[in-house]
Each structure stands twice: as structure tokens, then as C-alpha cells.
Amino acid sequence: MITKIMSLSLDENNKLADLFREMSLMYKYIGVQERFRFLAFQKASRVIKTLPQSICNYSPEQIKALPGIGESITRTIKEYLVSGTIKRFEHLRKKTPYQLLEIMEVKGFGPETLKKIVSSLKVRTRQEFVEALQSGKINKLPGFGAGKVEAMLRGFKLYKEVEDRMLLWDALALGEKVKAWLKACPGVIKVEAAGSLRRRKETIGDIDMLVACKEEHRAQIIKYFTSGDFVGRVILKGDQRASIVLSDPKKQVDLRLITENNWGSALQYFTGSREHNIHLRTIARSKGFKISEYGIFSLSNGKRLGGATEADLYTTLGFQIMPPEMREDKGEILHSQNHTVPSLINLTDIKGDLHVHSNWSDGLCTPEEILLHLQRRFNYNYIVITDHSKSSRIARGMDEKQILQQVKIIKALNKKMGVNFIKTGIEVDILQDGQLDISNEILSQLDWVNAAVHSHFDKDNTDRIIRACENPFVCCISHPTGRLIGHRDAYKLDITELINAAKRTGTALEINAQPTRMDLKDDFAMEARRKGVMLVIGTDSHTLQDFNFMELGVSIARRAWCKPGNILNSLSWDEIETFKLQKQKNKDVKNASVSVKKENYTFHEK
DNA sequence: GCCGTTTTCGGCCCGACTGTTTTCAGTCG
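Note that the numbering used here gives residue 432 to position 426 of the first sequence, counting from 1, and the numbers run on in steps of one.
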């Protein structure tokens with residue numbers, strides 16, 4: 007194992023990934039002769055950024071086995087972990103206008119443009135660069151017309167013009183709006199959202215729309231798209247594609263037109279991810295095929311072999327197609343080659359919700375209102391009301407007396423409705439030392455116990471949460487990392503340690519489906535699934551509308567390659583009872599201080 | 001730089017759009 011001089015948190019991965027990203031930019035600046043080093047460091051940066059655990063935990067052999075990381079970059083990583091610096095980074099920094107490299111990340115700026123300006127105007131800082139741009143010095147250079155300078159200025163403005171990435175939930179709604187808008191255009195045969203939205207990434211930068219139409223209708227559709235009421239600005243406008251920024255919200259929408267015959271290949275191309283496509287196209291080439299948005303072709307005679315459907319591209323290669331959520335080049339192509347693509351969980355597999363708040367704490371509705379809503383709108387077999395416990399004062403958490411009262415009320419409600427639909431439960435607070443704020447005596451009387459951290463976000467919470475896992479009555483850890491996308495980073499937590507502890511103690515981990523939480527996120531859920539930890543998708547509902555978030559949780563589970571068997575709330579309640587009993591019998595779980603009333607449960611093998 | 005159904009050399013996805021030319025390089029997704 008590489009010397010651990012750094013902290014164990016993922017911060018180290020981010021720092022190293024940033025260094026590699028900067029090195030890739032420096033190679034990009036140097037020019038075409040370093041084009042492939044640029045690509046190599048760009049890829050290495052991305053790989054390190056998405057590692058599930060700290061790079062310090064990997065042995066040199068494990069590092070070298072990572073995709074896109076070979077002998078040389080392994081040595082560089084080792085140098086960084088041991089000394090904290092990279093000699094080649096320092097060397098490159100002297101050779102390139104380091105302060106200006108970020109400019110290459112602005113739309114319309116590439117290395118050649120930057121190099122010409124740097125060499126003829128001798129600018130060194132970003133400020134000097136902008137001044138040269140605005141003063142008109144730059145458009146005196148050969149090859150820099152007024153149009154290009156204006157595009158550059160716009161590029162700088164655009165840097166701030168488009169707001170931050172959208173939450174997936176908001177992007178899904180916006181995508182539907184744009185889709186309806188395009189569908190209303192004469193000549194449009196089919197519309198579909200592609201890109202990261204179709205892959206259901208947790209946040210979305212811009213919205214990619216694909217439209218099928220006849221060639222003779224292209225011009226009128228492009229005109230419709232670029233001159234609509236909610237268009238803020240047109241970025242690009244050609245015969246087959248156009249990009250706009252909406253006036254509100256200020257989000258970019260890219261449109262691509264295609265004939266119906268090319269629908270499948272275009273949808274595959276436009277869905278990506280970039281990495282998935284590059285990998286697939288490289289393999290296709292090695293097998294004598296060429297893939298583009300126009301189909302799959304034989305390299306030897308140029309004959310088109312398919313492309314009307316997405317499956318054409320994969321099956322012509324002898325591969326198996328996989329759902330869009332898997333297309334991130336994280337090993338899915340190997341499964342595709344081997345015909346071992348998993349059958350991912352679907353929304354319809356979900357049998358209940360194990361994380362629901364009522365007006366007994368900070369939810370808005372009574373248990374009865376929740377029951378009626380779910381029986382009308384959802385095909386669930388059970389739900390658990392899991393209100394907060396007393397330490398969550400802001401959420402009006404329940405004390406012991408209220409918990410027992412609520413149990414009575416829920417049992418009476420089930421009886422009145424003639425069902426056994428609502429289970430009793432709680433979201434119990436994990437205190438700073440890992441103890442719970444409700445006794446085991448009370449917890450043992452509930453059907454389901456979520457445990458969660460709601461305080462001391464500035465501490466390392468690994469040991470605290472693991473201790474909660476060791477309680478025999480804790481069924482699941484809710485929103486395990488505590489992050490709120492765009493508002494609050496995850497607290498310090500060794501996620502691998504937690505996943506190992508969950509496995510050891512038989513505790514489930516939650517995929518919290520709230521749009522700003524999505525916690526566990528896809529990579530962590532993937533690691534937990536691989537290690538055999540059971541996952542729960544909980545909506546953490548506080549209103550009746552919140553139950554719709556289940557769709558988001560299922561998206562994460564699919565991005566983590568989960569099958570129904572990996573998700574506890576796609577199983578029957580009997581099977582959930584078996585899961586609980588297995589935990590209570592587990593020798594790694596501290597002995598319960600009260601005896602548990604046992605009943606005869608049967609386990610139904612799937 | 002990486003990688004291997006092209007495996008230790010030689011290739012590395014592929015096509016649309018823009019600006020400035022006048023046939024294409026640079027850039028983007």
C-alpha cells in the first residue's frame with residue numbers, strides 16, 4: 007500500500023484530479039504533438055475524480071489496473087502521494103501561460119487561438135487578456151475578424167450567463183416542457199430527450215433533444231426552435247442542429263434533427279456518455295465496423311448494416327444492448343460483450359416506501375391522509391411512517407410517550423380500514439457518540455427503524471454511524487453521507503468503512519430519493535451493491551407530492567446497476583421481516599438489552 | 001499518455017458548425 011501521508015478522505019482524489027486536469031490543459035496548449043498526452047491526463051483526471059474511495063487506499067497494482075491509468079501515470083500518482091508535488095507539473099507550468107489555461111475552457115477558445123494571442127500580444131494574466139479583447143487589439147491580428155472577437159466576448163459572458171447545473175428532478179420537468187413545445191411544431195415526427203438527462207445523472211448541465219423529421223421540414227423546425235417565445239439567445243444554428251439559451255430558466259438546449267431511418271443510431275450517439283461512445287466506437291473499428299449517428303457501417307465496403315433502432319448498433323457487433331443509465335464506460339461494455347447485462351430494477355418493482363413523515367413530526371399530513379393517497383395513486387403493499395425522534399427539535403421529533411401513542415393510532419387505523427398497510431417506525435437520531443436518543447426497549451416494539459445523523463456535520467462521522475449499525479434494532483441508515491446538492495457537502499465519512507460495517511452487521515443503507523439528497527449517490531450505491539449490502543429506496547416524504555420522488559431513487563439504483571433483489575423495498579414485507587431477524591441474530595451485532603418477540607416468518611425465494 | 005479480436009508498435013470516435021476564406025482549420029458535443 008502506498009505510504010499514507012495524506013488524509014483518508016476523498017478530498018485527496020479531488021486535488022489529484024484537479025492537478026491532472028491542469029496538466030491535460032497544459033498538454034493541450036503545447037499542441038497537436040501532445041494531443042494524446044492531453045487525452046490521457048484528461049481521462050486519468052476523470053477516473054480519479056469518480057473513484058469510490060481515497061486513492062491512498064489503493065496499492066500501485068490496483069492503481070495501474072484502473073482504466074486509462076498505466077505505468078507512467080501510476081508513477082506520477084505515487085510521486086504525488088509520497089512528496090505532495092509532481093515534478094513534471096512544475097516543469098509544464100513554466101513552459102505554458104499557466105494563468106490563461108482556463109480560458110481554453112470557455113466556448114470558442116482552443117489552444118491555437120490562445121497561442122496566437124499570447125505570442126503576438128505578450129499577455130500573461132486573465133485580466134490582460136480580457137483587456138486586449140475589449141480594446142480591439144486582438145482583431146488587428148490576422149485571422150481574427152470582428153465576428154470571432156465578438157464570439158469570444160460572448161463566450162466570456164456565457165460563462166456566467168448559464169446558471170449552475172440543474173437537479174435531475176428540475177431537469178426532468180424542463181425536458182418535458184421542451185418536448186411538448188417541440189411536439190407542437192409541424193413536421194416533427196418524434197421527440198426524445200437524450201444526453202445526461204436520459205442517463206439520469208444526478209445533475210444536468212444542458213438539455214439535449216433529438217427530433218425525427220423529413221429532410222424537407224428541417225428548415226421550418228430549426229426556425230421554430232430558434233425563434234420561440236422562451237428563447238433567450240441563439241448560440242448556434244445550422245441545417246441539422248441548433249443550440250439556444252432559454253430566457254427563463256437560463257438553460258442551454260441543444261437540438262439535433264435526424265431522419266426516422268437514423269433514429270436509433272442518433273439516439274445512441276446523442277445519449278452518450280462520451281466515454282461510452284468512444285469506447286464502443288473504438289471496439290467497433292477493431293472489429294471492422296464504423297459507428298456514427300447515421301448508423302453502423304462495414305469498414306471494408308461502406309455498407310450500412312443498421313441504425314433504425316439503438317439495438318442495431320449493439321447486436322450487429324454481437325453485443326447486448328444496455329439501459330441508458332449504465333452507459334458511463336464503467337464496465338458495462340464488457341457485460342454487453344459477454345451478454346451478462348443485468349436486468350435493472352424498475353419503478354413498478356417497488357412494493358412500498360420505508361421513509362415517510364407524518365404530521366406527528368415535520369410532515370404535513372395525517373397517517374390517514376397518507377394511507378388514502380397511496381392507496382389511490384400507488385400500487386404499494388406497505389409503507390412505514392418514520393417520524394423524527396426527540397433530539398430533532400426543529401422537526402418536532404417524538405418522545406417515547408408519543409411514539410407509543412402513534413403506534414396505537416396506526417394499529418387502530420389499519421383495523422378501521424381493514425388493511426395491514428401502514429407499518430410503525432421511526433427515523434431515530436444518532437447522537438454524537440453513536441448512541442441513539444430512543445431506548446432499545448421502545449425501538450424493539452416498532453416494525454422498522456431508520457437511523458440518521460442530523461447534527462455535528464463538521465465532525466468525522468464514520469465511527470458514530472458504524473456504532474448505530476451495531477444496534478440490533480436499526481434496520482437502515484438514512485441519507486448516509488448527509489450531503490445536500492448545491493447547499494452542503496457530505497460530512498467527513500469513510501464510505502468504504504461504513505459499507506463494510508453495513509455488510510458485517512446486516513444493516514441496509516438508504517438511497518434517499520429527495521431531489522437535493524440523492525444519498526447514497528450512484529457510485530457509493532454501486533460499491534454497496536457490489537459488496538452485497540441491501541439498499542432501501544426511501545422518499546423521505548413530508549408531503550403527498552414527495553412520494554413521486556421514488557422515480558429519482560430508482561434512477562440512482564439503476565445507475566448503480568441494481569436488480570430488484572438488491573433493493574429491500576422491492577421485496578414482500580415477510581422478506582423484510584426475515585432481513586430484520588437475520589440482523590438480530592447476527593453475532594456482530596451487540597446483544598439486545600431486551601428480548602424480541604419472535605413470530606414465524608417465511609422467506610420467499612425470488 | 002494508454003492499450004491490445006491491430007498485444008510491445010502504431011493507432012487513438014466522428015461528424016456538424018463557424019469564421020474567414022475560396023478549401024479548411026479550429027472547435028464542439
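Quick reminder that beta carbons are idealized off the backbone N, C-alpha and C, glycines included.
No experiment lies behind these values; they were computed from the predicted model shown.
Residue i to residue j span [Cα, whole Å]
| i | j | result |
| --- | --- | --- |
| L286 | G74 | 15 angstroms |
| R565 | F47 | 25 angstroms |
| M7 | A50 | Per-residue confidence for M7 stands at a pLDDT of 36, beneath the threshold of 50, marking its modelled position as unreliable; no derived number is given. |
| M172 | A519 | 16 angstroms |
| V600 | Y388 | Residue placement at V600 cannot be trusted, given a pLDDT of 43 that sits under 50; what the coordinates show is reported in the next sentence. V600 and Y388: Cα-Cα distance of roughly 27 angstroms. |
| L14 | L499 | With a pLDDT of only 44 at L14, under 50, the local geometry of the prediction cannot be trusted, and the value read off the model is given with reservation. Their backbone Cα atoms lie some 9 angstroms apart in a straight line. |
| S561 | E331 | 8 angstroms |
| V595 | N477 | 6 angstroms |
| D17 | S253 | 36 angstroms |
| D443 | G403 | 11 angstroms |
| A598 | L587 | With a pLDDT of 47 at A598, under the threshold of 50, the modelled position of this residue cannot be trusted; read the value that follows with caution. C-alpha separation (whole angstroms): 12 angstroms. |
| L350 | L319 | 21 angstroms |
| L178 | P255 | 14 angstroms |
| E447 | V480 | 12 angstroms |
| A152 | I123 | 15 angstroms |
| D245 | I284 | 25 angstroms |
| K593 | F585 | 15 angstroms |
| V112 | L159 | 10 angstroms |
| T430 | L452 | 5 angstroms |
| G270 | G301 | 8 angstroms |
| K421 | D355 | 27 angstroms |
| L377 | I428 | 7 angstroms |
| E77 | Q59 | 21 angstroms |
| K309 | L72 | 36 angstroms |
| L340 | L139 | 48 angstroms |
Residue from the options with nearest C-alpha to residue i
| i | options | result |
| --- | --- | --- |
| T502 | Q520, V480, L526 | L526 |
| A457 | K465, L437, F135 | L437 |
| P329 | E338, L323, T321, T322 | E338 |
| T288 | F150, E221, L323, A157 | L323 |
| E221 | C191, P255, I264 | I264 |
| M532 | G313, C568, M29 | C568 |
| K128 | L147, Q326, G234, M110 | L147 |
| G538 | R383, N572, P521, P117 | N572 |
| R473 | H548, F42, G440, K154 | G440 |
| D529 | A290, F44, G37, I54 | I54 |
| W366 | Q411, L340, H341, L353 | Q411 |
| K34 | F115, K84, K93, S65 | F115 |
| T56 | W187, D335, R204, E375 | D335 |
| G149 | A138, E118, N426, Q408 | E118 |
CB of residue i within 8 angstroms of CB of residue j, strictly
| i | j | result |
| --- | --- | --- |
| N488 | F463 | For the record, residue 488 in the displayed sequence is Gly; it is not Asn. Closer than 8 angstroms, so yes. |
| A401 | D368 | yes |
| V434 | S461 | no |
| R333 | S279 | yes |
| I543 | I505 | no |
| A248 | L261 | yes |
| E316 | Q274 | yes |
| F303 | K293 | no |
| I391 | V347 | no |
| L107 | E28 | yes |
| M32 | L98 | yes |
| S576 | K357 | yes |
| N632 | A314 | Here the chain covers residues 7 to 612 and nothing more, so residue 632 does not appear. |
| D212 | V259 | yes |
| A218 | I195 | yes |
| A199 | K185 | yes |
| H223 | L370 | no |
| C475 | T511 | yes |
| V459 | R470 | yes |
CB-CB length for residue i against residue j, believed under 8 angstroms
| i | j | result |
| --- | --- | --- |
| A514 | M540 | 4 angstroms |
| I61 | L22 | 6 angstroms |
| S364 | D393 | 6 angstroms |
| R239 | I250 | 7 angstroms |
| K70 | T82 | In fact, because the Cβ distance is near 12 angstroms, the residues do not count as touching under 8 angstroms. |
| I615 | R132 | The question about residue 615 has no answer, for the chain in this structure spans 7 to 612. |
| G234 | W187 | 7 angstroms |
| L558 | M524 | 7 angstroms |
- request: Counting only runs of 4+ residues fully inside the region 506-564, write out the alpha helix (DSSP H) ranges in chain order.
  value: Secondary structure within the region 506-564: the alpha helix (DSSP H) runs of 4 or more consecutive residues, fully enclosed, are 528-536 (chain order).
task: For the region 248-329, list the beta strand (DSSP E) runs that are entirely contained and at least 3 residues long, ordered along the chain.
output: Counting whole runs of 3 or more residues, the region 248-329 contains the beta strand (DSSP E) stretches 258-264, 295-298, 301-304, 310-312.
field: Complete alpha helix (DSSP H) runs within the region 44-98 (minimum length 4 residues, chain order)
entry: You should have 66-70, 77-89.
Every unbroken alpha helix (DSSP H) within the region 372-407, with a cutoff of 4 residues, ordered by chain: Taken in chain order, the unbroken stretches of alpha helix (DSSP H) that lie wholly in the region 372-407 and span 4 residues or more are 373-383.
field: Every unbroken alpha helix (DSSP H) within the region 459-486, with a cutoff of 4 residues, ordered by chain
entry: The DSSP assignment places 468-475 as complete runs of the alpha helix (DSSP H) inside the region 459-486, in order along the chain (cut-off: 4 residues).
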